[in-house]
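Residue numbers (my numbering): 202 to 272.
The beta carbon of each residue, even a glycine, is placed where N, CA and C say it ideally should be.
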């Protein structure tokens, strides 16, 4: 069974507009994630923001395939 989850994205700059992101994930995955975050004393949102930031850093320099200039 999938669980509907809403994540409020928090960024380091307090003046930047905050947005929410909705996603679906298996209930068991969400439960494990929530439990581990609680044990570590962090929020699920904080972890997700860190993961997204890391993913962007690792992938932002990937160039898109160049279009063929033929017609």
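*Please look up how many angstroms separate the CB atoms of residue 234 and residue 224, rounded, as I've assumed it's under 8 Å.*
That belief does not hold up - the Cβ atoms of residue 234 and residue 224 are roughly 12 Å apart, past 8 Å.
*Determine, using beta carbons only, whether residue 248 and residue 238 come nearer to each other than 8 Å.*
yes
*Can you tell me which of the three DSSP states residue 221 falls into?*
Of the three classes helix, strand and coil, the one that applies to residue 221 here is strand, per DSSP.
_Separation of residue 252 from residue 263, as counted between CA atoms_ = Approximately 18 Å, taken between the alpha carbons.
*Hey, could you find the ends of the alpha helix (DSSP H) residue 254 is sitting in?*
245-260
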